[in-house]
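In our numbering, the protein residues as written are 1 to 124. For glycine and all other residues, C-beta sits at the position ideal for the given N, C-alpha and C. Note that the structure is a prediction, hence the values are computed from the model and not measured. See structure below.
Here it is, written out as structure tokens:
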């Protein structure tokens, strides 16, 4: 069984220290939530500090285009030697409309289309 540590996104040097500490404590991975900071940059900082499995848990999908998300995920997978897992989600209406100033359409069908687009981009 693998054991991951979950943490909120933090300043980049803090993420590096956290990743190093997690590896020293024998965690297998680090799952980074997106709350106030981007989970992607925090994962990148962690990747420089330790050979952990890294994942976003979750990154908010809709404010970013599928192409942007795919590009960032691809680069993180490359930087980690394939140890990155992309976790995306929809978030709640208030978060999307207030924080990101984006429209909030019914999330189920929209997320399905988003995932289909991601898979097509990854295959290209």
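Is DSSP giving residue i helix, strand or coil here?
i, result
"residue 68", "helix"
"residue 90", "coil"
"residue 6", "strand"
"residue 38", "coil"
"residue 108", "helix"
"residue 44", "helix"
"residue 59", "strand"
What are the residues that DSSP puts in a beta bridge with residue i?
i, result
"residue 84", "54"
"residue 33", "8"
Distance, Cα to Cα, residue i vs residue j?
i, j, result
"residue 14", "residue 41", "12 Å"
"residue 21", "residue 12", "14 Å"
"residue 60", "residue 1", "28 Å"
"residue 44", "residue 118", "20 Å"
"residue 28", "residue 54", "9 Å"
Find out if the Cβ-Cβ distance for the pair residue i, residue j is shorter than 7 Å.
i, j, result
"residue 86", "residue 73", "yes"
"residue 31", "residue 4", "yes"
By Cβ distance, which residues of its chain are closer than 8 Å to residue i, with the 5 residues on each side in sequence left out?
i, result
"residue 35", "8 and 9"
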